[in-house]
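**Student:**
2 protein chains.
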Amino acid sequence: MLSDRKKKILCAVVDSYIESPSPVASKDIQQEYLPDCSSATIRNELSALESMGYLIQPHVSAGRIPSEKAFRFYVNELMCESNITSAEAEVIERYLSRKVGSLEEVMTAVTHIIAELTNYTSVVVKEDMSDTITAIKLLDLSNGKLLVVIVTDSRVLKDGMVDLPDDFDEHMIAQAQRWLNKIFCGKHVSEFINFDYPFALVNDEFSQYNALFKKIIDVLKKVSLMNGMDVEMYGENRTLAHSEYANVEDARKFLAQMENKERIAEILTNDGGADGSLTVKIGSDENAPEGCAVVTTRVSLGDNISGSIGVIGPVRMNYRKVLVVLDKISEIIIDLVGKGE
Amino acid sequence: MLSDRKKKILCAVVDSYIESPSPVASKDIQQEYLPDCSSATIRNELSALESMGYLIQPHVSAGRIPSEKAFRFYVNELMCESNITSAEAEVIERYLSRKVGSLEEVMTAVTHIIAELTNYTSVVVKEDMSDTITAIKLLDLSNGKLLVVIVTDSRVLKDGMVDLPDDFDEHMIAQAQRWLNKIFCGKHVSEFINFDYPFALVNDEFSQYNALFKKIIDVLKKVSLMNGMDVEMYGENRTLAHSEYANVEDARKFLAQMENKERIAEILTNDGGADGSLTVKIGSDENAPEGCAVVTTRVSLGDNISGSIGVIGPVRMNYRKVLVVLDKISEIIIDLVGKGE
DNA sequence: ATTAGCAGTCGGGCGTGTGGAGTGCTAACA
DNA sequence: TGTTAGCACTCCACACGCCCGACTGCTAAT
């Protein structure tokens with residue numbers, strides 16, 4: 000456990016670093032946060048915090064910068080709460096509270112307003128769980144490949160390709176198709192994702208089907224991953240304005256990660272959490288994109304539809320502001336939905 | 000008109016500059032493209048081409064780089080045609096020709112494959128012209144504001160706000176609403192965009208409506224701009240990999256322009272052109288984003304639905320490759336659609 | 001445990017110098 | 001008149017070296 004003074008100092012380092020991204024010196028901390036100690040004392044504490052993994056010294060004659068561990072500790076225990084400014088609240092309400100229109104338009108509006116207020120990238124994911132599988136079709140392309148097609152309720156189709164073992168004839172394909180339909184029809188596409196192959200279903204004499212089945216289910220998993228998910232992102236540019244992306248290589252790495260919408264959607268949705276609850280993930284250790292932090296909140300948007308709203312920025316993010324904005328937004332959206340569409 | 004030799008030299012400069020983005024020297028041209036002339040002769044020609052506006056000399060002891068004018072001339076008259084490599088054609092066909100699924104999925108696939116093959120940003124715009132206006136509603140928010148809502152066929156709603164003049168009561172608002180519905184119901188939302196206010200409709204005693212009407216129609220124009228348009232973009236990252244975006248400021252400027260989807264959609268769609276025809280716009284003079292070139296092709300996707308496929312990259316773009324890829328893609332898509340959805 | 005003071009380290013900004021790439025110009029030549 | 005060789009000139013890009021200043025860690029005193 001950290002002593003009170005260590006906590007104060009760590010908090011000072013993080014606060015200062017969030018405000019301006021240069022290593023924090025002992026003297027600065029003394030002057031601005033802890034006038035009761037000498038800078039030497041603070042230096043000792045900093046040194047201790049460094050060996051505990053909370054701080055990093057870029058080089059020997061530089062101050063300290065917080066590690067990802069420090070940011071996590073900061074968010075969980077140190078950060079003082081703050082309230083949304085009335086100006087911000089007003090902006091949000093003006094934009095959203097009278098918004099008429101389709102869910103898509105509200106999503107777009109939400110991403111724009113969050114990016115505007117926080118100056119980070121904003122993502123909204125809508126998950127529609129009501130869409131169920133009507134049929135699975137296997138089409139022999141007669142070149143050793145099998146086309147796997149999923150047909151769902153809402154006529155959304157997904158398709159993928161599988162290599163066909165040599166010894167398969169059309170009867171066997173038809174048989175495989177019957178089995179697949181028996182297992183999956185009427186279920187939600189998301190069921191593939193956690194589906195364990197039920198070997199029991201296939202008795203010994205049909206063991207040759209096993210390999211094919213596994214492949215097909217893998218394809219179905221992959222192909223259905225984004226089904227019913229709608230991802231909207233805005234303000235990649237905003238995040239790039241921050242100093243961690245001062246060189247193009249880092250900027251491009253960030254953008255490359257943002258292009259993987261499946262990944263982003265997964266990050267935003269994979270931990271449940273009640274309506275309006277806030278989650279913070281910092282760094283790739285917590286499954287956020289590398290060098291990034293993700294703040295998420297969830298709102299339910301009616302039967303079988305749920306939404307996740309998130310902000311993606313550098314680990315050195317202004318968490319206080321982001322949390323406050325997301326909180327307000329989710330509150331308003333829950334309110335909007337509650338009033339009945 | 001340019002002499003043959005000037006054309007050859009200009010073509011050499013552009014080709015060489017596209018291949019590697021450094022100023023092209025007279026000696027290089029001589030060695031690689033025109034061994035029959037001396038470098039001095041070429042220098043004279045270069046100097047002439049420069050004063051004609053085709054070339055730019057970054058500084059006195061540097062070679063020449065092509066101006067936007069040179070690129071336009073190159074695309075229109077100099078560039079030698081080339082054919083798609085069989086490898087590329089195969090990639091495209093494998094990806095697309097067996098693609099089953101919704102239009103949205105095909106759009107996504109198209110953006111990905113184009114970005115992959117060209118290494119530039121790719122955009123697809125779908126325009127659905129079949130959506131018509133069912134009703135226009137004016138809601139008095141009783142704070143001096145009027146909420147304008149458009150309801151269409153497909154239950155898409157759009158809304159915007161207008162300041163209400165002081166002397167308007169609910170009867171007048173109802174009257175205005177009746178007029179608006181009379182004019183626009185049953186028409187396509189795009190009709191706002193080129194709509195000229197028909198003063199004749201409003202006779203003198205109702206001239207007070209004029210100001211309000213104009214405002215409302217402006218809002219309707221703005222609000223309906225993207226109606227029925229679906230913009231999908233991929234590979235902003237790819238374009239940034241090119242050397243013109245080596246510094247972050249330029250990269251951010253590019254990205255900021257890419258965030259304006261309305262603008263991009265307009266660039267891609269605003270010049271008709273037959274199915275499969277290719278358009279090249281170079282530089283902001285031709286309404287492309289600043290410093291960028293846009294290559295576009297159009298495909299019709301059935302009744303009242305048309306699509307535009309585009310590639311956005313730096314002015315120094317590999318036009319030959321982009322044209323070839325877009326050509327192949329549009330061919331396949333026209334084929335796909337032709338076979339009957 | 002805290003603190004003042006001092007020696008030591010390292011990054012980064014800045015001026016200088018130089019090599020090399022490429023031109024424009026001139027004068028000679030076909 | 002068009003082409004060419006040769007030369008003087010320009011200017012960028014890069015490297016080198018320098019030094020200033022920012023901070024620290026350590027030591028010794030309180």
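Same order as they appear, the protein sequences are chains Y and R.
Each residue of the first sequence is one higher than the last, beginning at 0 in numbering that gives the first Met the number 0.
Each residue of the second sequence is one higher than the last, beginning at 0 in numbering that gives the first Met the number 0.
Yeah, the Cβ is synthetic: ideal placement off N, Cα and C, and Gly gets one too.
Hey, is residue 220 of chain Y's beta-carbon within less than 8 Å of any beta-carbon in chain R?
**Tutor:** Judged by the 8 Å Cβ criterion, residue 220 of chain Y is not in contact with chain R.
**Student:** So, helix, strand or coil for residue 111 of chain R, using DSSP?
**Tutor:** Three-state result, residue 111 of chain R: helix.
**Student:** Can you say whether residue 350 of chain R is buried or exposed, counting buried as having 16 or more other CB atoms within 10 angstroms of its CB?
**Tutor:** Here chain R comprises residues numbered 0 to 340, so residue 350 of chain R is not present and cannot be evaluated.
**Student:** Taking the alpha-carbon positions, what's the residue 88 of chain Y to residue 221 of chain Y distance?
**Tutor:** The alpha-carbon atoms of residue 88 of chain Y and residue 221 of chain Y are separated by roughly 41 Å.
**Student:** Under 9 Å Cβ-Cβ, which residues of chain Y neighbour residue 255 of chain R?
**Tutor:** Chain Y residues near residue 255 of chain R: 236.
**Student:** Give the secondary structure of residue 52 of chain Y by DSSP, where H, G and I count as helix, E and B as strand, and everything else as coil.
**Tutor:** DSSP places residue 52 of chain Y in coil when its eight states are reduced to three.
**Student:** Beta-carbon within less than 7 Å of residue 316 of chain R's beta-carbon, same chain only, minus the 5 sequence neighbours each way: which residues are those?
**Tutor:** Here the set comprises 119 and 292.
**Student:** For chain R, check one thing: does any of its Cβ atoms lie closer than 8 Å to the Cβ of residue 244 of chain Y?
**Tutor:** Closer than 8 Å: yes.
**Student:** Are any of the Cβ atoms in chain R nearer than 8 Å to that of residue 48 of chain Y?
**Tutor:** Closer than 8 Å: no.
**Student:** So residue 233 of chain R contacts chain Y; which residues on that side make the cut at Cβ distance below 9 Å?
**Tutor:** Under the 9 Å cutoff, chain Y gives 258.
**Student:** Reducing DSSP to helix, strand and coil, say where residue 179 of chain Y ends up.
**Tutor:** Here residue 179 of chain Y sits in helix by DSSP.
**Student:** Taking only the alpha-carbon atoms, compute the straight-line gap between residue 249 of chain Y and residue 282 of chain Y and give it to the nearest angstrom.
**Tutor:** Spanning the two alpha carbons is a distance of roughly 15 Å.
**Student:** Using the beta-carbon of each residue, which ones in chain R are nearer than 8 Å to residue 239 of chain Y?
**Tutor:** Going along chain R in sequence order, the residues near residue 239 of chain Y (Cβ under 8 Å) are 247, 250, 251 and 254.
**Student:** Could you tell me whether the segment 125 to 135 of chain R touches the segment 178 to 185 of chain R, using the rule of 3 or more Cβ pairs below 8 Å?
**Tutor:** Because the criterion of three Cβ pairs below 8 Å is met, the segment 125 to 135 of chain R and the segment 178 to 185 of chain R touch.
**Student:** So residue 311 of chain Y packs on residue 328 of chain Y, CB below 8 Å; how close in whole Å?
**Tutor:** About 15 Å separates the two Cβ atoms, so there is no contact after all.
**Student:** Going by C-alpha distance, which of Y/278, Y/314 and Y/165 is nearest residue 323 of chain Y?
**Tutor:** Of the candidates Y/278, Y/314 and Y/165, the one whose C-alpha sits nearest the C-alpha of residue 323 of chain Y is Y/278.
**Student:** In angstroms, rounded to a whole number, what distance separates the CA positions of residue 320 of chain Y and residue 241 of chain Y?
**Tutor:** Whole-angstrom Cα-Cα distance: 15 Å.
**Student:** Pull up the CB-CB distance for residue 318 of chain Y and residue 294 of chain Y, whole angstroms please, since I reckon it's below 8 Å.
**Tutor:** That belief holds up - the Cβ atoms of residue 318 of chain Y and residue 294 of chain Y are roughly 7 Å apart, short of 8 Å.
**Student:** If we call anything under 8 Å between Cβ atoms a contact, is residue 300 of chain R one with residue 247 of chain R?
**Tutor:** In this structure, residue 247 of chain R does not lie closer than 8 Å to residue 300 of chain R by Cβ.
**Student:** Looking only at its own chain, which residues have a Cβ that is under 6 Å from the Cβ of residue 38 of chain Y, when we skip the five neighbours before and after it?
**Tutor:** Taken in chain order, the residues that qualify are 25, 26 and 29.
**Student:** On the CB-based measure, 16 or more other CB atoms within 10 Å of its CB, does residue 344 of chain Y come out buried or exposed?
**Tutor:** Outside the shown range of chain Y (0 to 340) lies residue 344 of chain Y, about which nothing can therefore be said.
**Student:** Could you check what DSSP says for residue 287 of chain Y in three-state terms: helix, strand or coil?
**Tutor:** Note: residue 287 of chain Y maps to coil in three-state DSSP.
**Student:** Rounded to the nearest angstrom, what separates residue 23 of chain R and residue 288 of chain R at their Cα positions?
**Tutor:** Cα-Cα distance, rounded: 26 Å.
**Student:** If you scan the segment 50 to 97 of chain Y from start to end, which runs of the alpha helix (DSSP H) of 4 or more residues do you find wholly inside it?
**Tutor:** For the segment 50 to 97 of chain Y, whole alpha helix (DSSP H) runs of length 4 or above, ordered along the chain, are 67 to 72 and 85 to 95.
**Student:** Counting only runs that start and end within the segment 209 to 276 of chain Y, where is the beta strand (DSSP E) found for 3 or more residues in a row?
**Tutor:** You should have 228 to 233.
**Student:** Is the Cβ-Cβ distance between residue 258 of chain Y and residue 259 of chain R less than 8 Å?
**Tutor:** For residue 258 of chain Y and residue 259 of chain R, no; Cβs fall outside 8 Å.
**Student:** Here's a check: name, in chain order, each residue in its chain whose Cβ is nearer than 7 Å to the Cβ of residue 81 of chain Y, leaving out the five neighbours to either side.
**Tutor:** Excluding residues within five positions, the ones whose Cβ falls inside 7 Å are 319 and 323.
**Student:** Report the CB separation of residue 233 of chain Y from residue 58 of chain Y in whole angstroms; it is logged as a contact under 8 Å.
**Tutor:** The pair is not a contact, with the Cβ atoms about 37 Å apart (cut-off 8 Å).
**Student:** In the DSSP assignment, find the unbroken beta strand (DSSP E) run with residue 124 of chain R in it and report its ends.
**Tutor:** Start and end: 120 to 127.
**Student:** Rounded to the nearest angstrom, what separates residue 53 of chain Y and residue 296 of chain Y at their Cα positions?
**Tutor:** The straight-line gap from Cα to Cα measures roughly 27 Å.
**Student:** Could you give the residue range of the alpha helix (DSSP H) that holds residue 306 of chain Y?
**Tutor:** Looking at the DSSP string, residue 306 of chain Y is not in any alpha helix (DSSP H); the run it does join, the beta strand (DSSP E), is 304 to 313.
**Student:** Give a yes or no on whether the C-beta atoms belonging to residue 67 of chain Y and residue 8 of chain Y are separated by under 8 Å.
**Tutor:** Their beta carbons are not under 8 Å apart, which means residue 67 of chain Y does not touch residue 8 of chain Y by this criterion.
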